[in-house]
Every structure is written in C-alpha cells, then in structure tokens.
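Encoded as structure tokens, the structure appears first; notes follow it.
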Amino acid sequence: MEYNDMVMDHFSNPRNVGTIEDASGVGTVGNAQCGDIMKVYLKIEGDVVQDAKFKTFGCGAAVATSSMATELIIGKTIKEALQITNKTVLDALGGLPSAKVHCSCLAEEALHAALWDYAQKNDIIIEGIKIPVETH
Amino acid sequence: MNPPKKVLYFDNAATTPLHPKVLEHMMPYLTEQYGNPSGVYSFAREVRKGIEHAREQVAEAIFARPGEIFFTSSGTEANNWVLKGVVETLQHKGGHIITTAIEHHAITHVSSALSKQGVEITYLPVDNEGFVSPSDLIAAIRPDTILISIMWANNEIGTIQPIPELSAIAKSRGVLFHTDAVQAVGHIPVNVENLPIDFLTMSAHKFSGPKGVGALYIRKGTKVNSILFGGAQEKNRRAGTENVAGIIGMGAALNLAVANLKEEQEKVTMLRDYLIERIETTIPKVALNGPRAENTRLPGNVNFSFDYIEGESLLLLLDMQGCCASSGSACSSASLEPSHVLLSLGISHEKAHGSIRFSLGRENTREEIDQLMEILPKQVKQLRAMSPLAEEAETSKAEYEL
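The listed protein sequences derive, respectively, from chains G and B.
In my numbering, each residue's number is its place in the first sequence (first place is 1) plus 161.
In my numbering, each residue's number is its place in the second sequence (first place is 1) plus 12.
Encoded structure:
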C-alpha cells in the first residue's frame, strides 16, 4: 500500500486545518471505533462557501481527503458544493489505495453534514442534500 | 542515485537485519556448495553435513536433541503443522483446542480455518497486561481437548507468559502443549529440557537470521501428522528440498544469539526502559500497553497508545524522517478493526487505533533513541493539533473546570 505524492503532500501539509468560531454549519462524521472522525466547519455568506476548516482523527488518507475536500468546497455556491462527491475528491488527489477509498466517502459525508447543519440552523431546504447518518 | 537515507530502525519484532557473520556462513551454500542434500555423492554429503550442523546448533540453543528439530519455511508453517497435524492425528480423541485471544495470526487464522471444519476452539482471555490466567486454562480443559497452544511472548505488547506453569498444567491433564516462541527464542532464555513442552515454533529472521526459514521442535516420541508430502526430507516428516543456505543461516544466527544472550538481553532491556521513560516524561496523555514488572516483558518491546491520534498517520510522519515502527491501528491493515491483541487488553478502540510499537534490537543505540525523541513529541503535537478528539477533550475539560 502506497500513497501518491499528491496524497502525501495533503497529508504532510494539510490545507485548512482548524476551526471556524462563528461557523455557518458544522458536520462531524465517522467514529473512533472505525478509526476515522472528520469534523468540517463551513462559513457561508450569501450562497457561497467563503471558508472551510477541518479537524480529523484518522489515517493519512483521512487527513488528505479532508484537506482536499475543504480546498474543493471553498468558493463554491451551495449548489456546486453538493456536486462534490467522493469521486471528485478521489480524482483531485490522483487516487487512493483501494483499502482507503472509504476515507473519500467520509469526506463527502462530512461536507454534506456541514451543509445539512447550515440548512437546519437557517431553516432552509437544500435540494439534493443527503441527511447525515448518526454515527456517534 | 542518492545515497540511502540513514534509517532509524525500531521494528525488530517484525524482522531483524541479517548478522554479517551469518551471511558469511551462508555464502558458500548460495554459491559453490549447491548440491542437493539428498544426493548420495560426497559433493552432496558435504551439504547434508552443513544442515545437520545447523540442526545441532538450533537444538543446543533450546536444550533439545538434534532429532527433535525440523526445519520449515517459516514460523507460520511450523504453527500450521502443529495445529492441523495434531487435529488429524488425534481426531479419534476429540476436536477441542485451547489457545489465547492474543496469538499471532499464524495461530488465530489457522484456528478459525479449523473451526470451520468442526474443531472447537477456546480462546483464553488475558488480563489488562496480556497475561493468561492458569486457573482459566485449568477450567477450559475438557475430556476432548487435544492441544493447548499458548505463545511464549507476544509480538505486539511483549508479554511473556508463565510457560512453565501453563505447560505443567497441560502435562498434568495429559494434553499436548505447543508454544509459538517466535518472539522469545534468541532473545530470552528458552529451555525445553525441563519443561513439558511438546512443540515449539521458531523463526530465523527474528534473531538476525535470514527470512524464509523456521523450525519446529517436536519432543521425541510425539506423534503429529505431516502437512507437506513429497520427498523424504526431514526424516520423512516435512517434504521439500531444504532451504540450505537459510537453514545454515538459522543455525549460525541462533548460535550467535544464545552465545551473547545475557549481554544483549541486558543492553536491549536498558534501551527499552530508557525509551519508555523518555516517552512518559516528554509526551502527555500516553499509556504504555503491556506489562512493566521485571522479566515479564520482552527486552525490546515498547508499545504506547497516544491519546487523540491515529497510529498510521504517526507512522507516516515518522517514516518521512526515516524512522521505522509499526502500529496496532486498523489503518495499517486491510480491515477496519484495530489489533485484536490490544482490544483483548480491554482498551478502547480509540486507544488501540492510536498505538505505536517500537521494537528494539541489538543494533539500536541510546543515540538513536535520542534522535527519535527529537522528532516524536513534535509529530504527536502536530497530529493532536488537527484532532477533533483533542479539541473535544479540551472543551469538556474547560466546562468541567468552570
């Protein structure tokens, strides 16, 4: 099992690590049992994701996919953000070892969970959003 | 090509570097001494002599007789041989095997395969330091129990089992006793002469010998069916042309290991205790996995859980600095479950995912440990800074203090 250079770069220099104090939406997915937890913070103004931060407990792939997913979502409209799938993250990273592909699914779920939280807080309906599964 | 980066090697329980003197002993058998040891001509008989000398060296190291040593391709093969062979040999007596919850996969996966064929397996639990309780063993023995298999020392957490007591229980109840001593032989005293052990597994590359060769000790007169059939090698009990250079290397390596056993054991134990102390005094929120009492932990084994971080990511950071270690995290394996050994101690999934094993060997130095401690605390801090679990813990602590 080996990670490519892009994955290693996002693992060793992860982008957007941290929290957003006044986040518009926060999503946490995964659990300690399976060894991966991702927490994504989004700052949404108007209809656009202005900023994204993350905290992740997990393997190299979990950190790299969190980093890439937050990179991808910044600057997107909510509608565009919903188009980000695990495959988008996977492709942007140039692929992951097969045993690690589930980490990219977690990244997609984390983005959706944060958007769901935003929708709940603002009492709006975002079409096409996946209701987060309670994993804790 | 760039010169190879200096490696900080702390994974000696996975494998050890080949001792240069061992390679010297092996070289003739990889070059001019190529005869098949089964040949009748003198050119082949020379090779046969080399193998028999290695058998004597291995026997002497564990106080056995040469006729009780059978070379195999690995410790894994030796373990497979005992479990599958005994089941076949004693199937008329019953089909119950007792082993432990913390065995190597070379035992647990053979056991699961056998249980699919109808063999009943009891996995003895261990306490929070990894010890099997003799009273649990007594309670588990049934009239149809045909074999007890308990590892001498654990590869992940270093726990050394009370083998004299456990094997005596097996003997008193008339049950065959096997021990997977792959982590023990060549590192701590192992003596089968005065212990009622029927089978004992060894592996050469764990004590500075070559990979691809192991051995099974079978006490004289103990019946066990073969699992490999073919030629008449190993007194007709293990077919296949001998891995001659490997066998020569195993004998030479074990001979060297036991000749220097006491000094190496003391030296490596001191390094181990130094590393444990450095980690415990430098890095907060860590927990040593495995026992602390004297002579109950393998000399080279250090295993810590680092709170709030996942093992594989720490291994990757260490690797970037040329440092080799291993983890009980699920992410370093194909499954999502962390190490069965760590979970058997009763620790949480989270702590099991955050475990790192540093296994020290005869070539490690205090300076190397100092070098490791230059990088490790920073890396743990770096990963904790991005961990949502560390953040949660901080928040709840703050709330508690309010």
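Every residue, glycine too, gets a C-beta built ideally from N, C-alpha and C.
With a threshold of 8 Å on Cβ separation, who are the neighbours of residue i within its own chain once the five nearest residues in sequence on each side are excluded?
i	result
residue 234 of chain G	203, 210, 213, 242, 245, 272
residue 68 of chain B	78, 263
residue 334 of chain B	17, 18, 19, 20
residue 13 of chain B	Because the pLDDT of residue 13 of chain B is 49, which lies under 50, any placement of that residue in the model is unreliable, and the number read from its coordinates should be weighed accordingly. Here the set comprises nothing.
residue 339 of chain G	The structure shown has nothing for residue 339 of chain G, since chain G only spans 162 to 297.
residue 146 of chain B	174, 177, 178, 181
Taking the alpha-carbon positions, what's the residue i to residue j distance?
i	j	result
residue 124 of chain B	residue 85 of chain B	22 Å
residue 239 of chain B	residue 80 of chain B	17 Å
residue 264 of chain G	residue 194 of chain B	35 Å
residue 216 of chain G	residue 175 of chain G	10 Å
residue 312 of chain B	residue 109 of chain B	31 Å
residue 103 of chain B	residue 371 of chain B	39 Å
residue 398 of chain B	residue 340 of chain B	21 Å
residue 386 of chain B	residue 405 of chain B	26 Å
residue 191 of chain G	residue 167 of chain B	30 Å
residue 400 of chain B	residue 279 of chain B	40 Å
residue 15 of chain B	residue 379 of chain B	Any reading at residue 15 of chain B needs caution, since the residue's pLDDT is 47, under 50, leaving its predicted position unreliable; the model's value is listed next. Those two C-alpha atoms are separated by around 22 Å.
residue 321 of chain B	residue 220 of chain B	33 Å
residue 265 of chain B	residue 216 of chain B	7 Å
residue 297 of chain G	residue 194 of chain G	For residue 297 of chain G, the pLDDT reaches just 45, beneath the cut-off of 50, and the residue's location in the model is therefore unreliable, although a value from the coordinates is still provided. Each residue's Cα considered, the two are about 9 Å apart.
residue 29 of chain B	residue 200 of chain G	42 Å
residue 119 of chain B	residue 40 of chain B	35 Å
residue 201 of chain B	residue 52 of chain B	38 Å
residue 267 of chain B	residue 258 of chain B	14 Å
residue 292 of chain B	residue 298 of chain B	7 Å
residue 324 of chain B	residue 99 of chain B	38 Å
residue 284 of chain B	residue 328 of chain B	22 Å
residue 368 of chain B	residue 87 of chain B	24 Å
residue 359 of chain B	residue 365 of chain B	10 Å
residue 127 of chain B	residue 183 of chain G	56 Å
What in chain C is Cβ-close to residue i, meaning under 8 Å?
i	result
residue 80 of chain B	Included in the structure are the protein chains G and B, with no chain C among them.
Looking at the secondary structure, which residues open and close the alpha helix (DSSP H) in which residue i lies?
i	result
residue 385 of chain B	378-397
residue 119 of chain B	117-128
residue 288 of chain B	273-294
residue 250 of chain B	Neither: residue 250 of chain B is in no alpha helix (DSSP H) and is coded neither H nor E.
Can you pull the chain G residues whose beta carbon is under 7 Å from the beta carbon of residue i, in chain order?
i	result
residue 20 of chain B	Going along chain G, no residue has its Cβ under 7 Å from residue 20 of chain B, so there is no contact; the nearest lies around 18 Å.
residue 222 of chain B	Within chain G, no residue comes near residue 222 of chain B; the closest Cβ sits about 25 Å away, beyond 7 Å.
residue 311 of chain B	Neighbours of residue 311 of chain B on chain G: none; closest Cβ ~30 Å, over 7 Å.
Can you name the residues of chain G whose CB is closer than 8 Å to the CB of residue i?
i	result
residue 400 of chain B	189, 198, 199, 200, 216, 217, 218
residue 321 of chain B	218
residue 296 of chain B	Within 8 Å Cβ-Cβ: nothing; residue 296 of chain B doesn't reach chain G, min ~17 Å.
residue 389 of chain B	Residues of chain G passing the Cβ test: none, with the nearest at roughly 17 Å.
Note down, in chain order, every chain G residue with its Cβ under 9 Å from the Cβ of residue i.
i	result
residue 403 of chain B	180, 200, 216
residue 341 of chain B	196, 220
residue 330 of chain B	Those do not exist, as residue 330 of chain B stays about 12 Å from chain G at its closest Cβ, beyond 9 Å.
Just the chain B side, please: which residues come within less than 8 Å of residue i by C-beta, in chain order?
i	result
residue 224 of chain G	325, 398
residue 193 of chain G	360, 361, 362, 365, 401
Confirm, please, whether the CB-CB distance from residue j to residue i is below 8 Å.
i	j	result
residue 62 of chain B	residue 260 of chain B	yes
residue 307 of chain B	residue 22 of chain B	no
residue 138 of chain B	residue 357 of chain B	yes
residue 169 of chain B	residue 112 of chain B	no
residue 94 of chain B	residue 197 of chain B	no
residue 287 of chain B	residue 199 of chain B	no
residue 383 of chain B	residue 330 of chain B	no
residue 168 of chain G	residue 221 of chain G	yes
residue 205 of chain G	residue 236 of chain G	no
Starting from the C-beta of residue i, find all residues in its chain whose C-beta is less than 7 Å away, skip the five residues before and the five after it, and write them out in chain order.
i	result
residue 249 of chain B	82, 238
residue 227 of chain B	70, 81, 82, 83, 84, 90, 214, 262
residue 101 of chain B	235, 236, 237
residue 42 of chain B	257
So residue i is in the beta strand (DSSP E); what residue range does that whole segment cover?
i	result
residue 305 of chain G	Residue 305 of chain G is absent from the structure shown; chain G starts at 162 and stops at 297.
residue 202 of chain G	197-206
residue 163 of chain B	Counting along the chain, residue 163 of chain B falls outside any beta strand (DSSP E), and DSSP gives it neither H nor E.
residue 212 of chain G	209-218
residue 193 of chain B	Here residue 193 of chain B belongs to no beta strand (DSSP E), and DSSP marks it neither H nor E.
residue 132 of chain B	132-136
residue 215 of chain B	211-215
residue 313 of chain B	313-318
residue 238 of chain B	Looking at the DSSP string, residue 238 of chain B is not in any beta strand (DSSP E), and its letter there is neither H nor E.
Excluding the 5 residues preceding and the 5 following residue i in the sequence, name in chain order all residues of the same chain whose CB lies nearer than 6 Å to its CB.
i	result
residue 238 of chain G	208, 209
residue 228 of chain G	171, 175, 176
residue 198 of chain G	191, 218
residue 226 of chain G	250, 264, 265, 268
residue 224 of chain G	172, 175, 217
residue 189 of chain B	160, 179, 182, 209, 210
Which bits of chain B does residue i rub up against, with CB to CB less than 9 Å?
i	result
residue 173 of chain G	328, 329, 332
Please find out if some non-hydrogen atom of the ligand COA comes closer than 7 Å to the beta-carbon of residue i.
i	result
residue 334 of chain B	Judged by which ligands are present, the structure shown has none, so any question about the ligand COA falls away.
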